[in-house]
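Some notes on the structure that comes next.
Numbering (the numbering used here), first residue to last: 3 to 593.
Here it is as structure tokens:
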């Protein structure tokens, strides 16, 4: 299967030079480790090329000068051979440790950069990215790219140097026999080239299948409750089976390709050995020279097989690098301007001036919206689903950029204020509360150790969250499972309130924060809201009109436009759209 499903917006093919340009900042920091490794590889290759010469020399002595061979001579040759062999292994060990440490440092830095880049992306961009694909990139692709520069390429260089070195020595020993063997080398090279082409395409499919499966798992494990509610387990199992079979099929193709290639290279190796003995005797090579060729042929064909594996790793790493660097090349849609200012305190005045906004071209969600919220006021937004209520709240914190108009806080255009200042000053309480795995305390503080126990408990008490926290066995150290599934919707919402209050916002946003909760918890939340109003400016989106009756101003939206606004009583007197909504809700309650 194709890997389109793992692609994100902005993914593209990259030339090797562009990949190297992106990789250089990471490699540069480890250049001395890589240079040292290359030097050690060169030294190790030289040692292993010399060893067969020592063996052939020993055979020559035993055959032609056996009468003058002494125990001391044998011991000296053995010690020399053994010392070189041990030195080679020590060098390989140092080289491996050096590269492994450099590789881990590169992976660490690369993962941090990618994670930070993802964090800086706008919600609009993040919503377009499959979570499974992002996880694959951060967790797996970084390792593949690191291995490319600290292991694979270095090994490729080592194998290439070994092949070249062996060929040179073989030509020095006997250029006639080497010319015959060159035919086998050409056949091995050509077959390896076509093998790399074929297996590269298979690995491309395999990577796509794995990423597709990761995305499927990430989505469906999160939505397992819905799957079970609708008895969709069988259908999901069938979908998973298809994706699993795609991976198995790709793996079978890889196994088949290697099952053909490796025996073929082995066949060439044995053929070259047979030719060595036949031609060697025909041109009257000495026993020592034939032994040297025998040993060198092994050193020649082993790197060819290794290179086949490493080329596949290179192809895998190049694709991984394209995915990673394409992601890093996508600029965040919402960024601070160069002259953006840091603001330590907001009074809380919010103004929309002729704001137009669309998630997609010309499909306007907000149309020429204008309103003013004065400091410390509570303003509610009501209207049907899709009217633009939540969009207005998202624009205030610059989750998205508007196409026309201006949004101001304290008479300052929000594009001239640093995003960090906005996020620090504006507390958001949403309908879909997200809680991390960990304790209640860490979910409130978000691992910010500057908050004291007294502050945490005071914030919880302020919004009535202590009413259930104090009843838990471990209180604030009670463990919360993923997404807070071991708490009720109301409890999660109270924790969201406490978390927001703890971080001392000056402007508060409540987006359907009282939806989907029981009556008892709603009473607690209503009491909390009355207290929260004293903190600063509050913007509220609510379908339950009973929760916003005491707002200073209610703005009624329809199809992205303001229909009417005023207090609860003023709007009822107008008998407009708000009046109809109010009647419908109360009629439903009476029924």
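Glycine included, every Cβ here is placed at the ideal spot set by N, Cα and C.
Since this is a predicted model, take the numbers as computed values, not measurements.
Within the model, the alpha-carbon separation for residue 181 versus residue 277 is close to 11 Å. A residue is called buried once 16 or more other Cβ atoms fall within 10 Å of its Cβ, and residue 528, having fewer, is exposed. Note on geometry: alpha-carbon atoms of residue 323 and residue 93 lie some 30 Å from one another. Rounded to whole angstroms, the Cβ separation of residue 409 and residue 337 is 16 Å, and the two are not in contact under 8 Å. Put simply, the backbone Cα of residue 63 is about 17 Å away from that of residue 297.
The DSSP-derived three-state label of residue 370 is strand. Annotation note: the region 109-168 contains no uninterrupted beta strand (DSSP E) run of length 3 or greater. Between residue 205 and residue 317, the C-beta gap is smaller than 8 Å, which places the two residues in contact. By the Cβ criterion, the region 151-164 is not in contact with the region 432-450, since fewer than three pairs of Cβ atoms, one from each stretch, lie closer than 8 Å. For residue 100, the three-state secondary structure derived from DSSP is helix.
The region 113-131 makes no contact with the region 78-96: fewer than 3 CB pairs, one atom from each, lie closer than 8 Å. Between residue 186 and residue 270, the C-beta gap is smaller than 8 Å, which places the two residues in contact. Judged by DSSP secondary structure, residue 301 falls within the alpha helix (DSSP H) whose first and last residues are 289-331. Under the three-state reduction of DSSP, residue 529 is assigned to helix.
When DSSP reads this structure, residue 91 sits in no beta bridge, so it has no partner. Boundaries of the beta strand (DSSP E) harbouring residue 564: 563-568, taken from the DSSP string. Spatial neighbours of residue 392 in its own chain (CB-CB distance under 7 Å, excluding positions within 5 residues in sequence) are listed in chain order as 513 and 543. Residue 216 is positioned such that its CB atom lies no closer than 8 Å to that of residue 140. Residues 206 and 209 of the same chain have their beta carbon placed closer than 7 Å to that of residue 321, with the five preceding and five following residues left out of the count.
A distance below 8 Å separates the beta carbons of residue 404 and residue 359. Ranked by Cα distance from residue 188, the options 164, 267 and 32 are led by 267. Shown here, residue 405 sits in coil according to DSSP, grouped into three states, outside any helix or strand. Residues of the same chain with a CB within less than 6 Å of the CB of residue 446, apart from the 5 flanking positions on each side, are 458, 500, 501 and 504 in chain order. Between residue 319 and residue 104, the gap from beta carbon to beta carbon reaches 8 Å or more.
The shortest CA-to-CA distance from residue 25 to any of 327, 43 and 290 is the one to 327. Beta-bridge partners assigned by DSSP to residue 359: 368. Exclusion of the five residues before and after residue 483 leaves 439 as the residues of its chain whose Cβ lies within less than 8 Å of its Cβ. The C-alpha of residue 387 lies about 13 Å from the C-alpha of residue 563. Here residue 421 is not near residue 507, since their CB atoms are 8 Å or more apart.
The beta carbon of residue 167 is closer than 8 Å to those of 47, 48 and 51 in its chain, skipping five residues each way along the sequence.
In the structure shown, residue 558 falls within a strand segment according to DSSP collapsed to helix, strand and coil. Straight-line measurement puts the Cα of residue 54 at about 13 Å from the Cα of residue 289.
It is roughly 39 Å from the alpha-carbon of residue 169 to the alpha-carbon of residue 251. Judged by DSSP secondary structure, residue 540 falls within the beta strand (DSSP E) whose first and last residues are 539-543. Annotated three-state conformation of residue 510 is strand, per DSSP. Taking C-beta atoms under 8 Å as the contact rule, residue 213 and residue 284 fail to qualify, at a distance of about 56 Å.
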